[in-house]
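Worksheet for the structure shown next.
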Amino acid sequence: MKAIEMRETGGPAVLQWVERPRPELSGPDDILVRLHAAGVNPVDTKIRRNGPLIPDGLPAILGCDGAGVVEAVGESVIRFKPGDEVWFCWGGLGGPAGNYAEYRVIDQHLAQAKPRALSMIEAAAAPLVLLTAWEALHDRARLTEGQRVLIHGGAGGVGHVAIQLARAAGARVCTTVSSPEKAEFAHALGAEYCINYREEDLVESVMDWSEGQGVDIALETVGPEVFRQTIPAMAHYGDLVTILDPGPELDLKEARVRNLRLSLELMLAPMLRNLPRARIHQGEILRRCGDLIDHGALRIHVSQTFPLEQAPEAHKLIEQGHVTGKLALTMT
């Protein structure tokens, strides 16, 4: 099979177009998936630059997200049969088990039936950002109807689905964007108010929108400085969730006075640790997101696709920043 492999860390050029043996079923619960597409995420570029997240992970095939058609099943598989369409988020953190490839073997319990309303490309681009946004909003922040929610980077991969998930739960949403075009995109997804962070003050804008109360929930997707800037925009007893390391230089006096609940979100944890219950929970999240998608309450925006052999170009685009929605690699 054709695959993209990295044998050392570095720039996009370390991603090499190679021929590798097609993986074989090795356990009774395995399914062999012929991948049609793979999502490209910022974590892929970080692993390429800094190294795999698992020991002895080189050479590695990157790519956590995938979607394709089941070609063969192990003797104990009851959830799928050949010809079924599936999507999943698993692998890509080091070693050969990644999705920048034409085939993938995966345990049946780690895959879900692809939503009917999604193309293969959309399905491949969706799982990691859906799991991240859902866990941040529902599991960490305990989102409820009627709350005011701030989503940073509302036109990005996590941001654009977080807006929709918050709206589906009955919340009011404001978001940060970098241009009028991205504001228009975010409004179309359900954002009530957009803040151009290049031209407007975050705290003043949030307080104007929230009638001086601040937001009940904020999802921070940018970095430590934005995390710090968001604290005074929070309502008292609010939830501030970040998907990144907030950094060592934190002054939390104001967060303490506001009685904020600060949460960290890393949806990769079940892959990094032996967390079977968390894996089951993530499967349920994908199933519930699939229902929202098939009922028209959630959509995935893929702004650009690349043939598999052009994975380095996709990495370059992500590292330039400001991608709208998601990128994907295609195998067919």
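Each residue of the sequence shown is one higher than the last, beginning at 106 in the working numbering.
Every residue gets a Cβ at the ideal spot worked out from N, C-alpha and C, and that includes glycine.
Since the model is a prediction, treat every value here as computed from it, not as a measurement.
Practice task
Would you mind giving the Cβ-Cβ distance between valine 407 and glutamate 227, rounded to the nearest angstrom? I have them listed as a contact below 8 angstroms.
Solution key: Their Cβ separation, rounded to whole angstroms, is 6 angstroms, which keeps valine 407 and glutamate 227 in contact under 8 angstroms.
Exercise for the section: Please state whether DSSP places phenylalanine 193 in a helix, a strand or coil. Expected result: Note: phenylalanine 193 maps to strand in three-state DSSP.
Exercise for the section: Run the CB neighbour count on alanine 288, radius 10 Å, all protein chains shown included, and call it buried at 16 or more, exposed below. Expected result: Residue environment: alanine 288 is assigned as buried (16 or more neighbouring CB atoms within 10 Å of its CB, all protein chains considered).
Practice task
List in chain order: all unbroken beta strand (DSSP E) runs of 3+ residues lying wholly within the stretch 362-395.
Solution key: Counting only runs of 3 or more, we get 366-369.
Exercise for the section: Quick one: using the 10 Å Cβ neighbour count with 16 as the cut-off for buried, is serine 181 buried or exposed? Expected result: With fewer than 16 Cβ atoms within 10 Å of its Cβ, serine 181 is classed as exposed.
Handout entry: Identity of the residues DSSP links to leucine 120 by a beta bridge
Key = According to DSSP, which records beta bridges pairwise, leucine 120 is partnered with Met111.
Exercise for the section: Helix, strand or coil for phenylalanine 290, going by three-state DSSP, please let me know. Expected result: Look at phenylalanine 290 here: in three-state DSSP terms it is helix.
Practice task
Under 8 angstroms by Cβ, that's how I've got arginine 245 and aspartate 350 pegged, so tell me the actual separation to the nearest angstrom.
Solution key: That belief does not hold up - the Cβ atoms of arginine 245 and aspartate 350 are roughly 15 angstroms apart, past 8 angstroms.
Handout entry: Which residues DSSP lists as bridging valine 407, in chain order
Key = Beta-bridge pairing by DSSP links valine 407 to Lys431.
Practice task
Measure the alpha-carbon distance for alanine 216 versus alanine 142 and round it to whole angstroms.
Solution key: Rounded to whole angstroms, alanine 216 to alanine 142 spans 15 angstroms at the Cα level.
Exercise for the section: Leaving aside the five residues before and after proline 329 along the sequence, list all residues of the same chain whose C-beta is less than 7 angstroms from its C-beta, in chain order. Expected result: Within the same chain, proline 329 has close Cβ partners Pro351, Gly352.
Exercise for the section: Give the DSSP-derived three-state secondary structure of isoleucine 336 in the structure shown. Expected result: Reduced to three states, the DSSP call for isoleucine 336 is helix.
Exercise for the section: Could you check how far apart the C-beta atoms of valine 263 and isoleucine 183 are, in whole angstroms? I think they sit under 8 angstroms. Expected result: The C-beta distance from valine 263 to isoleucine 183 rounds to 33 angstroms, too long to fall under 8 angstroms, and the pair is not in contact.
Problem - Euclidean distance between Cα positions of alanine 267 and proline 128 - result: About 35 angstroms.
Problem - Touch test, the stretch 201-220 against the stretch 239-259, Cβ-Cβ under 8 angstroms, three pairs minimum - result: The count of Cβ pairs closer than 8 angstroms, one atom from the stretch 201-220 and one from the stretch 239-259, stays below three, leaving the stretches out of contact.
Exercise for the section: Would you please state the rounded distance, in angstroms, between the beta carbons of glycine 171 and valine 138? I believe it to be under 8 angstroms. Expected result: With a beta-carbon spacing of about 7 angstroms, glycine 171 and valine 138 fall inside the 8 angstroms limit used to define contacts.
Handout entry: Under 8 angstroms between C-beta atoms of isoleucine 152 and leucine 167
Key = Yes.
Exercise for the section: Count the other C-beta atoms from every protein chain shown that fall within 10 angstroms of the C-beta of glutamine 425, then say buried if there are 16 or more, exposed otherwise. Expected result: Looking at its Cβ environment, which holds fewer than 16 other Cβ atoms inside 10 Å, glutamine 425 is exposed.
Handout entry: 8 angstroms contact criterion, which leucine 432 and glutamine 415 should meet: CB distance rounded
Key = 11 angstroms between Cβ atoms; not a contact.
Handout entry: Test item: CB-CB of proline 164 and glutamate 176 under 8 angstroms
Key = By the CB criterion at 8 angstroms, proline 164 and glutamate 176 fall outside the cutoff.
Exercise for the section: Measure the alpha-carbon distance for glycine 116 versus cysteine 299 and round it to whole angstroms. Expected result: CA-to-CA, the gap between glycine 116 and cysteine 299 works out to about 34 angstroms.
Handout entry: DSSP three-state assignment for alanine 274, whether helix, strand or coil
Key = Three-state result, alanine 274: coil.
Practice task
Quickly, what does DSSP pair leucine 324 with across the bridge? List them, please.
Solution key: DSSP output for leucine 324 lists Ile256, Val346 as bridge partner(s).
Practice task
Just the C-alpha distance for glycine 196 and threonine 326, rounded to the nearest angstrom, thanks.
Solution key: One C-alpha to the other measures close to 22 angstroms.
Problem - Stretch pair the stretch 274-293 + the stretch 385-403: three plus CB contacts closer than 8 angstroms - result: The stretch 274-293, when compared against the stretch 385-403, does not touch it at the 8 angstroms Cβ threshold.
Problem - Candidates Gln269, Ala271, Ala274, Gly261: closest to valine 282 by CA position - result: Nearest option by C-alpha distance: Gly261.
Handout entry: Candidates Ile336, Met376, Val308: closest to alanine 360 by CA position
Key = Minimum Cα-Cα distance from alanine 360 among the listed residues Ile336, Met376, Val308 corresponds to Ile336.
Handout entry: 8 angstroms contact criterion, which leucine 391 and leucine 235 should meet: CB distance rounded
Key = Rounded to whole angstroms, the Cβ separation of leucine 391 and leucine 235 is 7 angstroms, and the two are in contact under 8 angstroms.
Exercise for the section: State the DSSP-derived secondary structure class of arginine 245, mapped to helix, strand or coil. Expected result: Correct three-state label for arginine 245: helix.
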